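Student: Sending over a structure as structure tokens; questions will come in a sec.
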Amino acid sequence: MKVASFVAIALVGLCSAYPGTPRGWIPSSPEDSRSPCPLLNALANHGYLPHDGRDVDRDTAVDALEDAVNMDRPLASFFFDQALNTVPVANATRFSLHHLIQHNAIEHDASLSRPDAFFSSHQDVFDPAVFAETRSHWPDPVINVRQAAAARLGRMRTSNRTNPAFELNQAGAPASVAETAVYIIAFGDIEAGTVRREVVEYFFENERLPFELGWERSKFVLTQKHLENMSGRVVAETESLTGGAAKMDSTEDSQIPLVGVEL
Ligand code: HEM
Ligand SMILES: *[C@@H]1O[C@H](CO)[C@@H](O)[C@H](O)[C@H]1NC(C)=O
Ligand SMILES: *[C@@H]1O[C@H](CO)[C@@H](O)[C@H](O)[C@H]1NC(C)=O
Ligand SMILES: *[C@@H]1O[C@H](CO)[C@@H](O)[C@H](O)[C@H]1NC(C)=O
Ligand SMILES: [Mg+2]
């Protein structure tokens, strides 16, 4: 008996020691803390982060991003610092997922799967109607950078037209670009700039890593360089779609800084 449970525990330990191994998934319950970020919610649902979404420290966040999507530790740590800035306590060392709801900290308007803060405070919850607009720009089984850019641009145009408080500020604009870049990088083919539509839809809709669709964690380490490169490609396609007229944020001439890009 004792030996058997020891072996069982040792096996569990071994499995979790191999990054990329598919993990169990338990949906959130109303008491759990969740965020406007579908990836962080997925990581909590899988237990890479605490399932209750609370009190995430640096090592936990960095390990989770490395294990789940093979993100390198400097980039993961940079994102963690952004998250700490949303905690309403001086010198915080941990954040909870709901802290990320704070509007115009990282959270911004014209999201792909959430309504603008003007319309709803439920930024932690996936919104099927908003996402229906996003996915209407993806006509093919494989999404390319141009179609990903078109989806983001469409959401920006809708927000501009319908939300009297619409704003994409100096933090929100690059964050919006980076979020489109990062789902291509995490779930698709970085060089080709493509990602399977069903994988992306499954990820957003279920807040679950798409293991059962045959997705596998990137074989190589994802760095800031990859994110900057893909962000640059998203910006270039957006400018091409608008004939160069529309820049990335609401002020006409502003350029997206691609260095130190935020998520
Ligand atoms: C510690 C790391 C991270 C933090 C603190 C973070 C935080 C956030 C926040 C606050 C948002 C809301 C922005 C908005 O749409 O208004 C967001 C959106 C998003 N995040 Fe993360 N994120 C992290 C890592 C990642 C990673 C690694 C991915 C990779 C797939 C990812 C994918 C996304 C996507 C696709 C969105 C856009 C959601 C939408 O527009 O509806 N995030 N993230
Ligand atoms: C936060 O850290 C700063 C700088 O180390 C320090 O001066 C300040 O007293 C700290 N505040 C709290 C509330 O701990
Ligand atoms: C992204 O990387 C590819 C391959 O290295 C390169 O050809 C392309 O110019 C880069 N794009 C941007 C916007 O940095
Ligand atoms: C909304 O679109 C108009 C027309 O293209 C543009 O002039 C304006 O700057 C946009 N507003 C914001 C807040 O982005
Ligand atoms: Mg938002």
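Under the numbering used here, the residues of the sequence shown are numbered 470 to 732, in order. All C-beta atoms in this analysis are idealised placements derived from N, C-alpha and C, irrespective of residue type, glycine included. Please read all numbers here as calculations on a predicted model, not as lab measurements.
1) Which of the three DSSP states, helix, strand or coil, is assigned to P507?
2) Tell me the rounded alpha-carbon separation between I659 and D532.
3) Is N554 near ligand 2 - that is, is its Cβ less than 6 Å away from at least one heavy atom of it?
4) Let me check you understand the geometry: is the CB of S580 closer than 6 Å to at least one non-hydrogen atom of ligand 5?
5) Under 8 Å by Cβ, that's how I've got A552 and L569 pegged, so tell me the actual separation to the nearest angstrom.
6) Given F418, which residues of its chain have a CB within under 8 Å of its CB, disregarding the five upstream and five downstream residues?
7) What residue range is occupied by the uninterrupted beta strand (DSSP E) comprising V664?
8) Name the two residues that bound the continuous alpha helix (DSSP H) containing I653.
9) How would you call N493, buried or exposed, if buried means at least 16 neighbouring beta carbons within 10 angstroms?
10) Below 8 Å, how does it come out for the region 557–573 and the region 497–511: are there three or more Cβ pairs, yes or no?
11) Between N638 and ligand 4, is there a pair consisting of the residue's CB and a ligand heavy atom that are separated by less than 6 Å?
12) Shortest alpha-carbon distance to N613 belongs to which of D526, I495, A650?
13) Do you know offhand how far N514's Cα is from R702's?
14) Leaving out five residues on either side along the sequence, give the residues of the same chain with a beta carbon under 8 Å from the beta carbon of S645.
15) Is V556 closer than 7 Å to F548 when the C-beta atoms are compared?
16) Can you find a heavy atom of ligand 4 that lies under 6 Å from the Cβ of F587?
17) For V538 and V690, what's the separation of their Cα atoms in angstroms?
18) Which class does N613 belong to by DSSP, given the choice of helix, strand or coil?
19) Which residue from N510, S497, A618, N632 puts its Cα closest to that of G662?
20) Could you give the distance in angstroms between the alpha-carbon of F588 and the alpha-carbon of T603?
21) Would you mind sorting R686 into buried or exposed? The rule is 16 or more other CB atoms within 10 Å of its CB.
22) Classify E681 as buried or exposed, calling it buried when 16 or more other Cβ atoms lie within 10 Å of its own Cβ.
23) Does DSSP put F475 in a helix, in a strand, or in coil?
24) Beta carbon of R583: closer than 6 Å to some heavy atom of ligand 5?
25) Any heavy atom of ligand 4 inside 6 Å of the beta-carbon of N510?
Tutor: Once the coordinates are examined:
1) For the purposes of this step, residue 507 is taken as the residue at position 38 of the sequence shown. The answer is helix: DSSP assigns P507 an H, G or I state.
2) As a first step, residue 659 is located in the sequence shown; it is residue number 190 there, counting from the start. As a first step, residue 532 is located in the sequence shown; it is residue number 63 there, counting from the start. Rounded to whole angstroms, I659 to D532 spans 22 Å at the Cα level.
3) The residue labelled residue 554 in the question sits at position 85 within the sequence shown. It does not: the Cβ of N554 is nowhere closer than 6 Å to a heavy atom of ligand 2.
4) Here the question's residue 580 lines up with position 111 in the sequence shown. Yes, the Cβ of S580 comes within 6 Å of a heavy atom of ligand 5.
5) Taking the first residue of the sequence shown as position 1, residue 552 is located at position 83. Taking the first residue of the sequence shown as position 1, residue 569 is located at position 100. About 6 Å separates the beta carbon of A552 from that of L569, a gap short enough to meet the 8 Å contact definition.
6) Because the chain here runs from 470 to 732, residue 418 falls outside it and cannot be looked at.
7) Numbered from 1 along the sequence shown, position 195 holds the residue referred to as residue 664. Per DSSP, the unbroken beta strand (DSSP E) holding V664 starts and ends at 663–665.
8) Taking the first residue of the sequence shown as position 1, residue 653 is located at position 184. Per DSSP, I653 belongs to the alpha helix (DSSP H) from 641–656.
9) On the sequence shown, position 24 is the one that residue 493 refers to. First, the amino acid is wrong: residue 493 is Gly here, not Asn. When all chains shown are included, G493 counts as exposed.
10) Taking a cut-off of 8 Å on C-beta distances, the region 557–573 touches the region 497–511, as three or more cross pairs fall below it.
11) Looking up residue 638 in the sequence shown gives position 169. No, since every heavy atom of ligand 4 falls outside the 6 Å radius drawn around the Cβ of N638.
12) For the purposes of this step, residue 613 is taken as residue 144 along the sequence shown, with counting starting at 1. Closest by alpha carbon: A650.
13) By 1-based counting over the sequence shown, the position of residue 514 is 45. By 1-based counting over the sequence shown, the position of residue 702 is 233. For N514 and R702, the distance between alpha carbons rounds to 31 Å.
14) Translated into positions along the sequence shown, residue 645 becomes position 176. The residues are H577, A579, S580, R621, M625, L637, M717.
15) Translated into the one-based positions of the sequence shown, residue 548 becomes position 79. Translated into the one-based positions of the sequence shown, residue 556 becomes position 87. For F548 and V556, no; Cβs fall outside 7 Å.
16) Counting from 1 along the sequence shown, the entry for residue 587 is found at position 118. It does not: the Cβ of F587 is nowhere closer than 6 Å to a heavy atom of ligand 4.
17) Working through the sequence shown from its first residue, we reach residue 538 at position 69. Working through the sequence shown from its first residue, we reach residue 690 at position 221. Taking the straight line joining both Cα atoms gives about 8 Å.
18) Within the sequence shown, numbered from 1, the residue matching residue 613 stands at position 144. Strand, per DSSP.
19) Along the sequence shown, one-based indexing puts residue 662 at 193. Distance from the Cα of G662 is smallest, within the candidate group N510, S497, A618, N632, for A618.
20) As a working mapping, residue 588 is identified with position 119 in the sequence shown. As a working mapping, residue 603 is identified with position 134 in the sequence shown. Roughly 17 Å between the two C-alpha positions.
21) Position 217 of the sequence shown, counted from the first residue, corresponds to residue 686. With 16 or more other Cβ atoms within 10 Å, it is buried.
22) Your numbering for residue 681 matches position 212 in the sequence shown. Residue environment analysis places E681 among the exposed positions, since fewer than 16 neighbouring C-beta atoms fall within 10 angstroms of its C-beta.
23) To locate residue 475, count along the sequence shown from 1; it is residue 6. Because the pLDDT of F475 is 46, which lies under 50, any placement of that residue in the model is unreliable, and the number read from its coordinates should be weighed accordingly. F475: helix per DSSP, three-state reduction.
24) The residue labelled residue 583 in the question sits at position 114 within the sequence shown. Yes, Cβ of R583 sits closer than 6 Å to a heavy atom of ligand 5.
25) Locating residue 510 in the sequence shown gives position 41, counting from the first residue. Every heavy atom of ligand 4 is 6 Å or more from the Cβ of N510, so no.
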